[in-house]
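Only one structure is covered here, and it is reproduced in the block below.
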Amino acid sequence: MPYFAVMYRYEADRAEDREANKPDHREWLSTQVEAGSILSVGPFGDGSGALLLVSAADGDAARDLVGGDPHLRRSLVSEITVREWLPVYGLLA
1 MPYFAVMYRY
11 EADRAEDREA
21 NKPDHREWLS
31 TQVEAGSILS
41 VGPFGDGSGA
51 LLLVSAADGD
61 AARDLVGGDP
71 HLRRSLVSEI
81 TVREWLPVYG
91 LLA
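Residue numbering for the sequence shown follows the numbering used here, beginning at 1 and increasing consecutively.
In structure tokens:
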């Protein structure tokens, strides 16, 4: 199944709201990782967003998957970018 880099962009003024929502967000992420839909996830070091490495049939399916994220359902992500990723070397190649 293809891989997709899903990038979230966060607005700094919503940091407190995201922090309050973090337990629901992380529970959802954990479920997706256990199911194999999300391979890895983590925030950018500067707090500007996060990267999710998703396994999905296509870009629309990847976007639909992350649509269930409580951060998205509560409008805590200001922008989403979904790009197919083609690993050449390494663990996922």
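Glycine is no exception: its CB is placed at the ideal position from the N, C-alpha and C atoms.
Note that the structure is predicted; figures quoted are calculated from it, not measured.
Could you work out which residue in the options is closest to residue i when comparing CA atoms only?
i, options, result
"Gly47", "Leu53, Ala15, Lys22, Asp64", "Ala15"
"Arg74", "Asp24, Met1, Pro2, Ala93", "Asp24"
Suppose the cutoff is 7 Å on Cβ atoms and the five residues either side in sequence are ignored; what does the same chain contact list for residue i look like?
i, result
"Phe4", "Val54, Ala56, Gly59, Ala62, Val82, Arg83, Glu84, Trp85"
Hey, how far is the Cα of residue i from the Cα of residue j?
i, j, result
"Arg26", "Asp69", "9 Å"
"Asp17", "Leu76", "7 Å"
"Ala20", "Leu72", "14 Å"
"Leu91", "Met7", "21 Å"
"Tyr89", "Asp13", "38 Å"
"Gly36", "Phe44", "22 Å"
In three-state DSSP terms, what is residue i?
i, result
"Ser55", "strand"
"Val77", "coil"
In chain order, what residues of the same chain lie with their CB nearer than 8 Å to the CB of residue i, ignoring the 5 residues before and after it?
i, result
"Ile80", "Val6, Met7, Tyr8, Arg9, Arg63, Val66, Leu72"
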